Amino acid sequence: MSDTVFKLKKVLTSLPSITQFIVVAAFVAILIGCAYYIYKTYIAPQSDRSLYEGYASGMNLRNEGGDPDMVTLYMFSVEWCPHCKHARPIWDEFVKENSNNQFNGKNVNFVLIDCDKDSATADKYNVTGYPTIKLDKGGTEVIEFSSKPSNETLLAFLQQSV
Numbered sequence: 001m002s003d004t005v006f007k008l009k010k011v012l013t014s015l016p017s018i019t020q021f022i023v024v025a026a027f028v029a030i031l032i033g034c035a036y037y038i039y040k041t042y043i044a045p046q047s048d049r050s051l052y053e054g055y056a057s058g059m060n061l062r063n064e065g066g067d068p069d070m071v072t073l074y075m076f077s078v079e080w081c082p083h084c085k086h087a088r089p090i091w092d093e094f095v096k097e098n099s100n101n102q103f104n105g106k107n108v109n110f111v112l113i114d115c116d117k118d119s120a121t122a123d124k125y126n127v128t129g130y131p132t133i134k135l136d137k138g139g140t141e142v143i144e145f146s147s148k149p150s151n152e153t154l155l156a157f158l159q160q161s162v
């Protein structure tokens, strides 16, 4: 192995410095390209973002007036979290199935908060881990969801908590 390294060193030192720069730059560009491909293919969250079109952040839906009939279910997440990547499709499906339903006679707003982009809302709700799901009952009470997210557990949580 050291013989191979020695030969590589000898070849690189014999090349003009501009050629060395081009070889190194090409190698770095290939690494960056591979990293980008891996990120886009395997790491970036795969979800239906059309559910949340027009929502700049959760702040525009926050019930600041304290209306007890205004109920909001928040999911706080970040794109880099593996647990969030698992919970996100479950959340998206639940929102799609229940966005027009009433729970105990009240409409529920569903808001997804990306805590990297909207840390103020996460701080306001004292979010310390991801994903976190919290129910805001019109500013009068905030209840944290403390179960593994699934359609059944989220539905039971809303039916019991609203």
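Per the UniProt record's numbering, the very first residue in the sequence shown carries number 1; after that it's consecutive.
All C-beta atoms in this analysis are idealised placements derived from N, C-alpha and C, irrespective of residue type, glycine included.
For clarity, every value in this text was computed on a predicted model and none was experimentally measured.
If you draw a straight line from the Cα of residue 85 to the Cα of residue 151, it is about 16 Å long. Looking from the CA of residue 128, the closest CA among 161, 140 and 115 belongs to 115. Per DSSP, the beta-bridge partners of residue 77 are 114. Residue burial annotation: residue 77 is buried, with at least 16 other C-beta atoms found within 10 angstroms of its C-beta. Here the alpha carbons of residue 89 and residue 122 stand approximately 21 Å from one another.
Contact annotation: residue 73 and residue 111 have beta-carbon atoms nearer than 9 Å. Ranked by Cα distance from residue 133, the first of 117, 161, 5 and 36 is 161.
Nearest to residue 106 by C-alpha distance, out of 135, 82 and 131, is 135. Excluding five sequence positions before and after residue 104, the CB atoms of its chain that fall closer than 6 Å to its own CB belong to 162, given in chain order. Residue 95: member of the alpha helix (DSSP H) spanning 82-98, first to last residue.
DSSP places residue 121 in no beta strand (DSSP E) but in the uninterrupted alpha helix (DSSP H) bounded by 119-124. In this structure, residue 102 sits near residue 108, with a CB-CB distance shorter than 9 Å. Residue burial is scored here from C-beta neighbours: residue 71 has at least 16 other C-beta atoms within 10 angstroms and is therefore classed as buried. Annotated as distal: residue 16 and residue 75, with beta-carbon spacing of 9 Å or more. If you ignore the 5 residues before and after residue 144, its C-beta comes within less than 6 Å of the C-beta of 134, all in its own chain and listed in chain order.
Judged by DSSP secondary structure, residue 142 falls within the beta strand (DSSP E) whose first and last residues are 142-144.
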